[in-house]
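Residue numbers (the UniProt record's numbering), protein chains in the order written: chain F, 1 to 494; chain X, 1 to 494.
The structure appears right after this line, and notes come after that.
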């Protein structure tokens with residue numbers, strides 16, 4: 001194949017020139033698709049969208065030298081997206097990215113560095129290390145901290161529990177768990193609240209400990225772990241001859257943003273020789289805000305933490321961070337691969353991040369965060385956090401003021417739960433689940449739903465997660481009224 | 001915060017407009033940085049680059065409304081990158097992305113869909129399912145196949161071994177491993193060749209089985225697993241009362257592209273009730289080429305496979321694929337999260353990919369592959385594979401023709417090993433490792449290095465991995481001569 005026939009690459013001086021018309025095509029198609037969608041989500045049944053995508057993918061391939069496929073498929077996906085920058089799209093911890101972060105991410109796609117060896121990523125190896133230092137400082141960690149960028153809270157939680165397993169269980173049994181495997185000895189236990197993220201159980205399963213390793217600690221009405229219950233559970237564990245391996249505290253539960261008592265959790269874990277991991281995937285964003293940061297007091301005592309900049313950080317996915325307070329506790333992940341980080345290269349200053357990540361090939365997600373921090377600073381990001389907190393408070397007030405809506409509790413961060421109250425309370429679940437699907441089908445709004453831990457029938461709750469700092473309080477109030485209207489329509493249709 | 005003060009977002013019609021000037025800035029800075037670098041990698045010691053990045057990150061933050069930080073940091077990172085589109089950057093499975101794939105990836109950053117629930121990713125949920133069908137067809141899998149996009153071979157290998165653990169070990173012990181944890185019973189064993197990727201051992205460690213679970217099967221001189229040795233190892237395992245859990249065959253080893261005898265591995269695994277996982281992260285690209293696809297005969301018999309489109313697929317990182325032949329074997333990963341995939345929503349057609357991935361939040365990497373396939377087709381991509389295979393053959397011929405270079409073996413795919421032969425053979429390791437660092441320090445070339453499994457002293461080998469279809473045979477020959485020249489200089493300097 002001659003250079004004339006191969007389609008252009010993104011690298012080098014000529015790569016930027018090759019990208020120029022293609023990027024223009026993408027921006028045009030994004031605008032066209034968004035205009036075609038004209039709302040937070042495409043209207044219509046999901047099966048119709050599936051068929052549309054299937055037809056688009058079945059078209060014959062091009063010659064690689066025009067932009068037809070790029071234009072066609074970009075417009076299709078833009079028209080078929082849930083748009084978190086629409087004020088009526090407020091279901092999940094699914095943030096609308098800042099344009100500057102998206103532009104920074106384009107640079108990374110074009111350059112394609114991979115963080116598993118210095119000679120695939122010279123500048124971004126240095127950059128990741130330095131950005132993690134900044135994040136560790138935000139957390140309040142000492143200079144002994146270490147960490148890595150991850151795909152998100154699920155991977156970060158897995159890493160925390162893996163290090164806990166290898167360190168705590170290894171110490172208790174005199175084995176090197178990562179080399180020898182899990183011992184037959186005492187059963188290890190992980191303690192997490194009933195409102196903790198499901199990835200904690202998933203991690204226990206993946207790690208070979210089994211989901212049943214996780215002891216569910218009861219929560220109070222605001223979904224915060226009860227420290228007295230944790231103390232009881234830990235004592236019970238020891239009494240049974242089992243090993244308290246880790247306490248997972250949540251700083252910002254997915255549904256209500258509840259923050260477990262971090263200091264009490266750290267005290268109890270220390271008392272029992274357990275590892276403390278704090279899942280601050282959502283709540284970590286509060287560190288950016290002077291107003292909300294005090295809620296995270298005690299975070300700096302955790303052995304490890306999860307933070308997600310693709311939640312309260314306005315980054316495109318992925319932008320997860322995993323940190324440990326002491327670099328030495330990272331030991332069980334270290335690897336030497338002759339083709340990536342030979343010892344004599346490291347001695348010569350060609351450092352490698354390979355031993356810090358569960359992945360090998362890895363995109364430098366640190367870059368978009370570095371650009372965002374350089375462009376806005378902590379203060380600029382903190383204003384966005386506060387704006388979303390204000391919006392959540394406005395939304396909760398609108399719910400409280402509505403006769404057919406019931407608020408579960410005041411927002412801690414930027415999310416709150418509520419439900420529509422039908423005349424016939426027995427229909428509450430059907431009406432609430434149904435009104436949400438009605439809003440999706442009509443393309444009018446994307447609101448979340450969930451269930452409260454431990455509740456019986458009538459447990460479906462609706463959720464608003466406010467992550468768009470451009471949304472106004474009036475728009476949030478309109479969204480609340482839209483939900484109430486859909487509830488009435490759903491009730492009438494049953 | 002009012003909309004006037006918050007920095008613009010990437011979503012919606014106005015997002016495309018906001019992105020336009022920022023994307024222009026990025027392209028200008030990419031070109032500027034590439035011109036400043038003027039070669040495959042920045043010249044100078046790594047410590048100097050680190051200091052440069054540290055100074056850049058220490059500058060005071062902006063107000064979020066200009067593009068200064070974006071321009072400055074993009075140019076810095078471009079100047080400080082290893083550029084895989086430079087003909088002299090040929091160390092790793094680190095491909096130069098196609099401009100069209102990079103442009104497609106920009107659309108995803110801007111739209112920010114997340115694949116863990118339908119209402120965060122309506123169109124891309126459909127798209128991922130349909131693209132995976134196309135990939136499964138390429139592999140030769142029946143319509144029972146299922147899969148997911150992953151961060152790369154390391155995650156895909158982990159998934160294959162996790163499913164093997166839960167299925168094979170669960171069947172043997174009558175336990176549900178993912179719920180109950182690993183049993184104390186018979187030790188499970190994983191069989192992989194001495195040239196298999198280190199992520200196999202890493203997966204065994206993560207899964208709680210321990211790295212020592214992996215039995216290393218000897219390879220022939222071309223680094224292919226010896227099937228007779230595998231048969232012996234499996235018999236030994238059974239004789240010791242242990243459980244043969246999985247056979248991991250490699251289709252395209254990282255260093256030489258060697259392909260294990262896939263049919264023999266599948267036969268032996270079946271005979272012993274073991275799971276067959278094929279790590280085709282590199283070699284899977286051969287499926288795109290009529291010339292090379294026959295090398296992968298037997299791949300379609302594997303229980304699971306790993307494929308990486310960010311290697312022989314010209315995608316920006318990440319673009320990994322994990323597939324299983326039978327969807328039913330995926331069971332142990334299924335999860336129901338009330339806030340993501342409630343059963344009544346799924347019944348209504350709002351399908352979720354949550355139970356297919358180890359991650360929760362997840363970027364739709366399927367999109368750039370869909371656009372690439374629509375733009376070029378398998379045939380267009382196959383021409384790129386063949387071009388790189390031709391380049392590797394040309395490079396190997398140049399090595400063979402050079403009196404001071406020794407070729408390890410002919411290229412199977414697009415990579416080959418060789419070394420410089422100093423007058424004093426005892427200096428071979430120091431000279432080969434040193435010449436590589438010399439080329440990095442001078443900014444002249446990025447060549448790979450590795451070691452052969454099981455060799456004693458004198459084992460450092462150099463590696464060229466040809467992944468740039470725009471490179472010419474003459475440029476590869478020049479690169480080979482550059483290496484030889486650096487070897488002579490290094491030898492003289494010792």
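The beta carbon of each residue, even a glycine, is placed where N, CA and C say it ideally should be.
Going along chain F, which residues have a C-beta under 7 Å from residue i?
i	result
residue 42(X)	122
residue 344(X)	433
residue 244(X)	Near residue 244(X) there are no residues of chain F at all, since even the closest Cβ is about 16 Å away, more than 7 Å.
residue 355(X)	Near residue 355(X) there are no residues of chain F at all, since even the closest Cβ is about 10 Å away, more than 7 Å.
residue 135(X)	Here the premise fails: no neighbours, minimum Cβ distance about 12 Å.
Taking the alpha-carbon of residue i as reference, which of the options has the nearest alpha-carbon?
i	options	result
residue 11(F)	47(F), 113(F), 176(F), 72(F)	113(F)
residue 466(F)	493(F), 313(F), 342(F)	313(F)
residue 241(F)	248(F), 233(F), 247(F)	233(F)
residue 147(X)	340(X), 128(X), 316(X)	128(X)
residue 239(X)	494(X), 188(X), 151(X)	188(X)
residue 97(F)	309(F), 131(F), 206(F), 66(F)	309(F)
residue 20(X)	95(F), 93(F), 102(F), 7(F)	102(F)
residue 275(X)	415(X), 288(X), 192(X), 7(X)	192(X)
residue 249(X)	283(X), 221(X), 273(X)	283(X)
residue 400(F)	426(F), 263(F), 477(F)	477(F)
residue 196(X)	254(X), 145(X), 169(X)	254(X)
residue 405(X)	382(X), 435(X), 381(X), 126(X)	435(X)
residue 29(F)	41(F), 186(F), 300(F), 76(F)	76(F)
residue 351(F)	92(F), 6(F), 117(F), 257(F)	117(F)
residue 244(F)	219(F), 213(F), 281(F)	213(F)
residue 287(X)	166(X), 475(X), 141(X)	141(X)
residue 153(F)	414(F), 279(F), 56(F), 42(F)	279(F)
residue 389(X)	440(X), 223(X), 290(X)	290(X)
residue 215(X)	63(X), 204(X), 133(X), 24(X)	204(X)
residue 358(F)	88(F), 149(F), 50(F), 475(F)	149(F)
residue 221(F)	472(F), 454(F), 494(F), 487(F)	454(F)
For a contact defined as C-beta to C-beta under 8 Å, what are the partners of residue i on chain F?
i	result
residue 53(X)	123, 126, 127, 130
residue 6(X)	383, 384, 387, 469, 470
Along chain X, in chain order, which residues have C-beta atoms closer than 9 Å to that of residue i?
i	result
residue 96(F)	9, 10, 11, 12, 15, 112
residue 62(F)	374, 375, 376, 377, 380
residue 46(F)	118, 122, 125, 126, 348, 349, 350, 351
residue 181(F)	182, 187, 188, 204, 205, 207, 208, 209, 210, 211, 212, 213
Name the chain X residues whose beta carbon is nearer than 8 Å to that of residue i?
i	result
residue 474(F)	Within 8 Å Cβ-Cβ: nothing; residue 474(F) doesn't reach chain X, min ~12 Å.
Identify the contact partners of residue i in chain X, using a Cβ-Cβ distance below 7 Å as the criterion.
i	result
residue 450(F)	338, 339
How about the segment 63-82 of chain F and the segment 114-122 of chain X: do they share at least three Cβ pairs that are nearer than 8 Å?
The segment 63-82 of chain F vs the segment 114-122 of chain X: in contact.
Give, in chain order, every unbroken run of the beta strand (DSSP E) that is at least 3 residues long and sits entirely within the segment 427-476 of chain X.
With a minimum length of 3 residues, the continuous beta strand (DSSP E) runs that stay inside the segment 427-476 of chain X are 448-451, 460-465.
In the segment 112-153 of chain F, which residue ranges form an unbroken beta strand (DSSP E) of at least 3 residues, counting only runs that do not cross its ends?
The qualifying runs are 146-150.
For the segment 326-370 of chain X, list the alpha helix (DSSP H) runs that are entirely contained and at least 4 residues long, ordered along the chain.
343-347, all fully within the segment 326-370 of chain X.
Is the segment 320-332 of chain X in contact with the segment 414-423 of chain X, if contact means three or more CB pairs nearer than 8 Å?
Cβ pair count under 8 Å is below three, so no.
Of all the residues that make up the segment 149-162 of chain F, which are near chain X by a beta-carbon distance shorter than 9 Å?
If the cut-off is 9 Å between Cβ atoms, the segment 149-162 of chain F has 151, 152, 153, 154, 155, 158, 162 near chain X.
Evaluate contact between the segment 356-370 of chain X and the segment 166-179 of chain X, counting only Cβ atoms and requiring at least three cross-stretch pairs below 8 Å.
No, the segment 356-370 of chain X is not in contact with the segment 166-179 of chain X.
Between the segment 227-260 of chain X and chain F, which residues of the former have CB atoms less than 9 Å from a CB of the latter, in chain order?
Answer in chain order: 254, 255.
Segments assigned alpha helix (DSSP H), at least 4 residues, entirely inside the segment 247-321 of chain X:
If we require 4 residues or more, the alpha helix (DSSP H) runs fully inside the segment 247-321 of chain X come out as 262-271.
Note down, in chain order, all residues in the segment 322-350 of chain X with a beta-carbon under 9 Å from any beta-carbon belonging to chain F.
The residues in question are 332, 333, 335, 336, 337, 338, 339, 340, 342, 344, 345, 348, 349, 350.
Inter-stretch contact at 8 Å, needing at least 3 Cβ pairs: the segment 336-349 of chain X / the segment 205-221 of chain F
Counting C-beta pairs with one atom in each stretch, the segment 336-349 of chain X and the segment 205-221 of chain F have fewer than three that are closer than 8 Å, which means they do not touch.
The segment 293-327 of chain X: which residues have C-beta closer than 7 Å to a C-beta of chain F, in chain order?
Cβ contacts with chain F come from 310, 316, 317, 318.
When Cβ atoms are compared, which residues of the segment 191-220 of chain F fall closer than 7 Å to chain X?
The residues in question are 198, 199, 202, 205, 206, 207, 208, 209, 210, 211, 212, 213.
Three or more C-beta pairs under 8 Å: does that hold for the segment 18-36 of chain X against the segment 103-111 of chain F?
Touching, yes, given that three or more Cβ pairs across the two stretches are closer than 8 Å.
According to a CB-to-CB cut-off of less than 7 Å, which residues of the segment 66-91 of chain F neighbour chain X?
Within the segment 66-91 of chain F, contact with chain X at the beta-carbon level (separation under 7 Å) is assigned to 69, 70, 73, 74, 76, 77, 78, 80, 81, 82, 83, 84, 85, 86, 91.
Quick check: the segment 259-273 of chain F against the segment 387-403 of chain F, are at least 3 beta-carbon pairs closer than 8 Å?
For the pair of segments examined, the segment 387-403 of chain F was found not to touch the segment 259-273 of chain F: the number of CB pairs separated by less than 8 Å stays below three.
Pull out every residue of the segment 434-446 of chain X whose Cβ sits closer than 7 Å to any Cβ of chain F, in chain order.
Taking 7 Å as the upper bound on Cβ-Cβ separation, chain F lies near residues 437, 440, 446 of the segment 434-446 of chain X.
Run through the segment 148-214 of chain X for me and flag every whole alpha helix (DSSP H) of 4 or more residues, listed as ranges in chain order.
Counting whole runs of 4 or more residues, the segment 148-214 of chain X contains the alpha helix (DSSP H) stretches 153-164, 170-173, 177-180, 199-206.
Short of 8 Å Cβ to Cβ, which residues in the segment 23-37 of chain F face chain X?
When C-beta distances to chain X are compared with 8 Å, the residues of the segment 23-37 of chain F below that value are 23, 25, 26, 27, 28, 29, 30, 31, 34, 35, in chain order.
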